[in-house]
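The opening residue of the sequence shown carries number 892 in this note's numbering; numbering runs sequentially from there. Presented below is the structure to which this report refers.
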Amino acid sequence: TCLVLSCSVFRPKQWYQRRVRGLDCCGLTSPSDWNNITLSTYWTVTYNRDVNGSVTDQITLPASCCVDTTSTCVIQNDTSTFNTIGCKTKLYEFVDDNITYITVGGIVLIILQCFILICALKIRFELDKLYECEEFAGSHMEITSF
892 TCLVLSCSVF
902 RPKQWYQRRV
912 RGLDCCGLTS
922 PSDWNNITLS
932 TYWTVTYNRD
942 VNGSVTDQIT
952 LPASCCVDTT
962 STCVIQNDTS
972 TFNTIGCKTK
982 LYEFVDDNIT
992 YITVGGIVLI
1002 ILQCFILICA
1012 LKIRFELDKL
1022 YECEEFAGSH
1032 MEITSF
C-alpha cells in the first residue's frame, strides 16, 4: 500500500496535458494533427470517427488544446475557443526565449560535477595516505605466520 504523501504514480496523459496547457498549444504542428490517423491513432479513432469508422465533419480536440481546459472543444471558424499554434513551434519558442537560463544551468551542473569529482579524489587520496601500511602500522610491526 502507498501512503498518500510518499507514493507517486507516473501518468503520461496527465503529465502531457499539464505541459501542453503551460505552452498554450495544440497538436504537434497544428490542431488538425488530432484528426491525423498517423500522428494520433487513439484520439482519431475514439473521438473523430462516427460509428461506421468514417471521418466526422467536426474535429474534436482534447481539453489541453482548448482555452477552457475543463472540457473538449471542436475546431470551428471561431478560433478563440482553442489554441491554434502547434506544440513544436511553442517548444522551439520556449527554448529560444530561455536559452540563456538553459546554458547557465548546464554550465553550473558541469562545474558542480567537477567540484564533486575533485572532492571525491581528494578524499580518496587522503584515505590512501592514512591507510598506507608503513604509516598506519609503523615500522615496529612484525609480520608473522600462523
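Yeah, the Cβ is synthetic: ideal placement off N, Cα and C, and Gly gets one too.
Checklist entry - Which residues in the same chain have their Cβ closer than 7 Å to the Cβ of Thr892, if we skip the five residues on either side of it in sequence? => result Residue placement at Thr892 is flagged as unreliable, the pLDDT there being 43, under the threshold of 50; the coordinate-derived value follows with that caveat. Excluding positions up to five away in sequence, the list is empty.
Notebook entry, point to check: How many angstroms separate the CA atom of Thr920 from the CA atom of Lys1013?
Noted result: 51 Å
DSSP state of Cys1044 mapped onto helix, strand, coil
Residue 1044 is absent from the structure shown; the chain starts at 892 and stops at 1037.
Reducing DSSP to helix, strand and coil, say where Leu896 ends up.
Model confidence at Leu896 stands at a pLDDT of 47, short of 50, so the residue's coordinates are unreliable; what they give is reported in the following sentence. It is coil, neither helix nor strand.
Report the rounded CA-to-CA distance for Arg1015 versus Gly997, giving the unit in angstroms. 27 Å
Exercise for review: Go to Phe985, then tell me how far its alpha helix (DSSP H) extends in each direction, as first and last residue.
Suggested key: Cys978 to Asp988
> Taking DSSP as the reference, what is the three-state secondary structure of Val999?
Replying inline: Reduced to three states, the DSSP call for Val999 is helix.
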